[in-house]
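Notes follow once the structure below has been shown.
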Amino acid sequence: MRRIILYFFLVVSLLSHAQDGSRGSKPKAANTVLEGTKRAIIVGVSDYNENNLKLNFADNDAALFKNYLKDIEGLENENISLLINKDAVALNIVQELKKQFKVSEDGDVLYIYFAGHGDVVEDFGEKEGFLLAADANANQEYYSGGVVPLALLNKAINNLTQKGTKVILILDACRSGFVFESGAVKNMGTIQAMFENSTKILSCAADELSYESPDIKHGYFTYYLVKGLSGKADDDEDQNIIYRELEDYLYDNVNTTVVKKHNKNQTPVLRTKNDRAVMKVVSNDVTVINFEDIASTIENTKQFAARGIAKTDLKDKANGELISRFSAAMERASYYGKSSSAFEIYKSSLNNKTVSEGIKSKMQSTLLKTLSNEAQSLINLYIQGSKSLPPSRAFVKQSKHLDICLELMGKDNFLYDRIKASQLLLEAYAIIRSNNHARFAMAKRKLNSALQLEPRAAYIHNALGLVYNQQKRYDSAFYHFNTAKGLIGSWQSPDINISDSFIDQYKYDDATAHLNNSLGKNGNDTNLKLGEINMLQGKYQLAESYYQNALKANPSNALAQQKMSELQRLKGNNKAALEWYNKAIKADSTNTVSSKGLLNYITLNTIEDEQAEKLLLNAIDNNPESSIAYSEYADFIRSKYKRLTRLRLAASLYDKAINLNPFNIEAYSGKAWLKSQMRKPLEATKTFEACISANPNNADAYLLYGNYLEQKSNKLEDAEAKYKKAIEKNNTSIAAYSALVKLYNEQNVTQKSIDLVQNAINNQPEAPDFWHLLGQTYFETKAYDEAINAFEKAVTIDASFVKGNKNLGFSQVETNQTEKAASNLISASKNSVDANTTNEIVEYLHTVARDKSKFGTPEEVTKLYKLAYDIDSKGNTALVYANHLYLNNNPEEALKVALPRISKVNSKSLNADLLRVLTKASIDLNNTENADYYYNYLTKIDKTTDYLLASVYLKFKGNFTEGEAMRRKVNQTLFRSNKLKDMYSKNTIDKYIL
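Listed below in structure tokens is the structure:
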């Protein structure tokens with residue numbers, strides 16, 4: 003496929019000599035006068051819907067040519083149809099061709115002018131050229147609409163000439179600076195070979211580019227063409243411009259200017275049967291309206307062309323009420339379906355002779371533009387491979403839009419079959435988008451019908467491939483994806499879909515090889531897909547590099563952010579995972595929530611049950627054919643309610659989900675657990691067996707069944723068999739390996755775990771998860787040195803893999819490597835999103851510290867308490883650490899730790915305990931002022947008297963009599979036990995207690 007940017011004129015000749023004059027003769031002006039009506043279709047598109055197609059001055063050139071025809075050639079405004087930018091959709095252009103064909107007669111003059119992009123596609127040895135209308139896509143899938151085929155245009159011109167209309171073809175092609183310009187210049191020969199029955203004037207020769215200038219705000223070719231036609235090309239000043247004169251004038255001005263300004267050649271080419279024939283007569287009155295005059299009103303011309311129907315300049319205001327109602331309907335987007343809709347208003351006007359044909363035509367054009375543009379925009383979004391497609395109802399709506407367009411066009415329209423094919427595609431894709439497997443047969447029928455109309459339509463083959471892929475019919479899917487790829491070699495979506503097909507089959511090497519061979523490593527889609535492939539295999543570092551490439555190209559890429567969130571979660575970076583998830587929500591909330599699951603969103607945002615249920619019901623209302631919407635609602639009910647009526651509702655929801663998508667294994671699993679909850683174990687087993695029957699090659703189906711057998715039925719041998727089957731289906735399934743290792747370790751057959759994981763490491767040495775599993779196994783057997791080696795190997799493979807940091811830190815604590823353990827345990831705590839991990843680490847460190855206080859050194863114990871405090875400096879941890887410091891004769895540090903932790907957010911008992919430590923430490927430091935303050939504060943918030951502390955405080959204050967009285971109220975056995983040493987420092991015991 004090759005792309006060409008065209009400034010394309012088709013001009014019906016003013017003169018019979020343009021086609022019939024004999025070489026060498028120079029006709030007289032009197033022989034060039036023609037009778038008949040002059041009309042024009044003028045199209046100029048700079049502001050394409052697709053950003054990649056936008057041009058600079060095509061609309062200016064169209065406006066300039068319109069002014070030339072009106073002011074110099076004398077065409078009436080009502081005989082000029084000017085379509086620029088958003089009005090220049092394909093259906094409007096073709097509809098204008100159809101109208102002009104109906105009204106043209108022998109001797110009439112019709113100008114057809116096109117300024118915009120053009121392209122030539124080549125598939126399976128056939129070439130076809132297109133003019134790109136405003137609604138064209140940027141992926142070269144032109145059989146989807148948004149284009150005017152050159153073959154269709156050629157047919158229209160031939161039909162016109164058979165009626166006696168004369169034709170000249172002018173192309174301003176191959177604009178420089180466009181992304182596809184190298185392909186454009188190579189295919190100029192293809193364009194030159196077309197329209198053999200027409201006189202052709204081309205802006206440049208093959209292997210050249212056409213240049214434009216921001217100074218003149220035009221392409222050089224069009225600029226000098228209009229100047230030449232305005233009289234400048236009349237070199238011998240005989241008031242006749244012959245073709246050779248025009249060609250010489252264009253060469254002298256265009257090529258000379260381009261060489262001077264761009265140091266490139268641009269050689270205009272003119273081909274006609276007789277280059278000495280008169281092209282036009284230059285009137286003596288031309289000097290009255292010169293080039294500068296017609297160029298100066300371009301902006302006014304563009305604004306006039308872009309005005310809506312409400313601003314139509316009517317000589318007869320009788321139609322004002324009709325126009326007002328039509329415009330109001332369009333404003334409120336009431337296009338059809340009601341008696342007050344724009345379409346019904348238009349239809350009611352057709353038989354009304356008081357409504358002018360111009361008004362009817364304007365209403366028809368407005369409807370066609372709006373409806374076809376909306377529908378084509380959605381088709382283009384699909385063709386782009388967008389991951390943010392709207393729900394299925396949007397495709398249903400746009401299909402109806404095209405249905406109305408078909409009625410507006412009539413079956414005799416040149417593009418009827420193409421629009422009908424697009425309408426069928428939208429109907430089918432509504433089913434695909436909903437993932438309603440029960441209706442996939444209907445989707446395939448619609449798509450096959452569309453292929454009958456447009457057999458070379460890659461976008462239809464691609465959609466068929468998607469259906470077959472969802473049905474797990476991978477050979478058929480590959481055929482259609484490959485056919486789509488053959489039709490449009492530059493289109494990435496079929497290659498991405500082929501890789502998805504390989505991924506579904508766990509053929510990761512094939513998926514990678516296909517992407518590398520077909521697309522290389524360029525483009526967001528390729529980077530995202532390669533990242534996904536590596537992530538599924540546990541190659542997280544490589545996966546992250548691909549996702550980062552996608553984010554570098556587009557920092558707001560919501561899908562890349564979602565993938566980064568998932569990746570960080572897999573690596574144990576839960577905090578980073580949440581941060582990436584929130585970024586994705588901000589960039590695209592709808593698709594992020596749907597892709598990760600609404601229940602996941604509800605859990606992360608701790609949404610109340612009542613509101614959560616409303617969200618789940620809304621999800622079903624918004625997409626009533628979504629299997630996931632039903633199964634998620636069922637999961638919610640199963641987890642929240644115990645009433646039988648609610649559980650029965652959940653069961654019906656699971657059945658609905660499975661009926662819509664028999665490959666929804668989560669729905670089978672949820673239903674099975676529900677049946678178990680309802681005390682129907684046999685039905686639970688049958689549900690899992692049905693899941694495997696429907697998904698015999700899905701590793702997760704076996705994994706989920708194994709989980710049930712292990713956790714609910716305690717059938718450990720059966721669970722082991724299912725886990726092994728899951729690994730057989732997908733030998734990179736980290737989840738299956740993890741489940742089997744856990745099962746073996748709990749049965750104390752850790753050698754099986756070691757052998758299993760070592761085999762996995764041999765097959766996937768770049769996956770840190772397997773080294774982590776090996777470390778876990780060694781840790782549980784208290785082989786701490788081996789555990790450390792395995793955990794450190796995982797981090798060597800991927801420095802940001804922190805999943806094993808907690809147990810690595812624990813292992814290092816057990817081997818007295820507290821300094822090394824600190825960084826790992828701090829990392830594990832920081833990367834958690836809740837307090838559970840941090841609490842576990844702190845409790846572990848406190849337990850080890852208490853044990854070491856019996857047989858270890860005080861320094862080792864202090865390091866452990868300090869590490870716990872560094873990880874979690876909140877009140878409870880600070881209390882333990884401060885108390886340890888006080889008991890180990892470091893009252894000054896105890897004060898520094900405990901004092902900042904006094905807080906209103908603490909419980910009274912926690913604040914009281916902190917004040918006790920502060921009072922004791924102040925007494926040891928002999929600081930009367932602080933001891934008074936802390937003790938008095940303590941007695942205010944804790945009315946229960948601590949008799950021993952009161953005794954110590956009173957003796958510290960010099961009141962030994964009352965201190966002894968308080969001491970006698972203490973259980974005297976305390977003074978003979980070791981517990982006293984856990985409560986007071988040796989200094990206090992010696993001075994004030996014993």
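Add 2 to a position in the sequence shown, counting from 1, and you land on the number used in my numbering. For every residue, glycine included, the Cβ atom is placed at its ideal position computed from N, Cα and C.
Here DSSP, grouped into helix, strand and coil, assigns Ala117 to strand.
Listed in chain order, the beta strand (DSSP E) runs fully inside the stretch 423–471 amount to none, counting runs of at least 3 residues. Under the three-state reduction of DSSP output, Ser628 falls in the coil class, being neither helix nor strand.
Val47 sits in coil when the DSSP states are folded into three classes, being neither helix nor strand. In the three-state scheme derived from DSSP, where H, G and I count as helix and E and B as strand, Ser83 is classed as strand.
Contact between Asp250 and Asp237 holds, since their C-beta atoms are separated by about 7 Å, short of 8 Å.
Within its own chain, the residues whose Cβ lies closer than 7 Å to the Cβ of Ala762, once the five positions on either side in sequence are excluded, are Tyr739, Phe772, listed in chain order.
Residue environment for Gln378: buried (at least 16 other C-beta atoms within 10 angstroms of its C-beta). Ile203 has Ile172, Leu272 as its beta-bridge partners, per DSSP. By the Cβ rule, the stretch 858–865 does not count as touching the stretch 903–912, because fewer than three pairs are nearer than 8 Å. Beta-carbon to beta-carbon, Gly777 and Ala796 are separated by about 7 Å, close enough to satisfy the 8 Å threshold. When secondary structure is reduced to three states using DSSP, Asn892 falls in the coil class, being assigned neither helix nor strand. Going by beta carbons, Ala430 and Ala460 fall outside the 8 Å limit. Separation of the CB atoms of Ala92 and Ala135 is rounded to 4 Å, and the pair is thereby assigned contact status at 8 Å. One thing to note: Ile490 has its Cβ within 8 Å of the Cβ of Gln142. Nearest to Leu866 by C-alpha distance, out of Phe857, His848, Ala728, is His848.
Taken through DSSP and simplified to helix, strand or coil, Ser558 comes out as coil. Contact between the stretch 60–79 and the stretch 342–354 is absent: fewer than three C-beta pairs spanning the two stretches fall below 8 Å. Between the stretch 570–577 and the stretch 593–605, the count of C-beta pairs closer than 8 Å stays below three; the two stretches do not touch.
Inter-segment contact for the stretch 433–441 and the stretch 661–676 is present: three or more beta-carbon pairs are separated by less than 8 Å. For Tyr725, the closest C-alpha among the options Leu758, Ser695, Thr752 is that of Leu758.
For Lys349, the enclosing alpha helix (DSSP H) begins and ends at 344–351.
If you draw a straight line from the Cα of Ala952 to the Cα of His886, it is about 21 Å long.
Out of Val899, Tyr710, Ser567, the CA that lies nearest to the CA of Asn833 is found in Ser567. With a cutoff of 8 Å on beta-carbon distance, Ser629 and Asn602 are scored as not near each other. Asn809 is classed as buried because its beta carbon has at least 16 other beta carbons within 10 Å across all chains shown. Assignment of Glu143 by DSSP, reduced to helix, strand and coil, places it in the coil class. In the three-state scheme derived from DSSP, where H, G and I count as helix and E and B as strand, Arg41 is classed as strand.
Within the same chain, and ignoring the five residues on either side of Glu214 in sequence, the residues whose Cβ sits closer than 7 Å to its Cβ are Asn58, Phe59, Arg177, His220, Gly221, Tyr222.
Closest option to Phe397, judged by alpha-carbon separation, among Leu408, Glu845, Leu383: Leu383.
Boundaries of the beta strand (DSSP E) harbouring Phe132: 128–134, taken from the DSSP string.
If you look at Pro496, you'll find it in the alpha helix (DSSP H) that goes 495–506. The alpha-carbon of Val111 is positioned some 21 Å away from that of Asp63.
Here Ser379 carries a helix assignment [DSSP, helix/strand/coil]. For Lys165, the secondary structure class from DSSP, reduced to helix, strand or coil, is coil.
Annotation: the continuous beta strand (DSSP E) that includes Asn242 extends over 242–244.
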